[in-house]
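Student:
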Amino acid sequence: MSQPLHDAALASLFSAARSHNGWTDQPIADDVLRQLYDLMKMAPTSANCSPARFVFLRTPAAKERLAPALSKGNLEKTMTAPVSVIVAWDTAFYEHLPALFPHADAKSWFTHSPEAAHETAFRNGSLQGAYLIMAARALGLDVGALSGFDTRQVNAEFFAGSTWTANFIVNLGYGNPEKLFGRLPRLAFEDACQLL
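Positions 1 to 196 (UniProt numbering) are the ones given, in order, by the sequence shown.
1. Using CA coordinates, which residue listed in A17, A67, R123 and M79 is at the minimum distance from D90?
2. Express the C-alpha separation of F181 and W23 in angstroms, rounding to a whole number.
3. Tell me the residue span of the beta strand (DSSP E) that contains L146.
4. Between F101 and the rest of its own chain, which residues show a CB-CB distance below 6 angstroms, the 5 nearest in sequence each way excluded?
5. Note down, one range per segment and in chain order, each beta strand (DSSP E) of at least 3 residues found wholly within the UniProt domain "Nitroreductase" (18–174).
6. Measure the beta-carbon distance from A135 to L39 and round it to whole angstroms, keeping in mind my assumption that it falls under 8 angstroms.
7. Count the other C-beta atoms from every protein chain shown that fall within 10 angstroms of the C-beta of Q26, then say buried if there are 16 or more, exposed otherwise.
8. CA-CA distance, A188 and A61?
9. Between the alpha carbons of residue 218 and Y94, how many angstroms are there, rounded?
10. Just the Cα atoms here: how many angstroms apart are G73 and E64?
11. Closest to S147 by C-alpha separation, out of Q194, A116 and S84, would be which residue?
12. Could you tell me the distance, in whole angstroms, from the CA atom of L184 to the CA atom of A166?
13. Quick one, which of H96, R152, V143 and D142 has its alpha-carbon nearest A117's?
14. Would you mind stating whether V170 and H20 have Cβ atoms separated by less than 8 angstroms?
15. In its own chain, which residues sit with a C-beta less than 7 angstroms from the C-beta of Q35, not counting the 5 before and 5 after it?
16. Thinking C-beta only, is I133 closer than 8 angstroms to P82?
17. Have a look at D191, A104, R137 and A160 and flag the residue whose alpha-carbon is nearest the alpha-carbon of R9.
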């Protein structure tokens, strides 16, 4: 693990990767989605807590359930994506800790502190959502992540009566380069970083 990735891999993951708004008609097979999850689940979370949950919307009927919650600007690109993933997090993630982190009584770290449970679940669930994006790119998929939706509507439609709650949405597919926006600037190192 000490060797850096080749430039082509770095470009696929970062420097040449783009947020896609339009898609080709090429579908994504279910076994690719399983491969995607099996790859991203290996990335680290604190105490291996793994609080992220993923709902893969693959059918028109599933997408129609999501549509009323989407902002106007996110509707078309989400409805036309081959797959849209609701990246959620489980507020009761700690129930799985006896199996996921058997080295200690990690479950008790969170059952006595709702604040610690919330912070851990949200932080690590967001981290796992980012891992999903990188794993998708590593598998040759294009990605368009978004947060323009009504979380309460999504939770009511997909997660009522459960301990899951929506965080953000990731559209997956094979991007149409004609629908890309121009590359936007990024902050310089000096503007975003400190060396102490």
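Note that the Cβ used here is the ideal one computed from N, Cα and C, for glycine as well.
These figures come from a predicted structure and were not determined experimentally.
Tutor: Looking at the atomic coordinates:
1. Minimum Cα distance to D90 is reached at R123.
2. 13 angstroms
3. D142 to L146
4. A47 and N48
5. As far as the UniProt domain "Nitroreductase" (18–174) is concerned, its whole beta strand (DSSP E) runs of at least 3 residues are 52–57, 83–90, 142–146 and 164–173.
6. Contact flag correct, Cβ pair sits at about 4 angstroms.
7. For Q26, the number of other beta carbons within 10 angstroms of its own is below 16, and it is reported as exposed.
8. 44 angstroms
9. The requested residue 218 does not occur in the structure, where the chain is confined to residues 1 to 196.
10. 16 angstroms
11. S84
12. 27 angstroms
13. H96
14. Their beta carbons are not under 8 angstroms apart, which means V170 does not touch H20 by this criterion.
15. L139
16. The answer is no: Cβ separation not under 8 angstroms.
17. One detail in the question is off: residue 9 reads as Ala in this sequence, not Arg. Checked all of D191, A104, R137 and A160; the closest Cα to A9 is R137.
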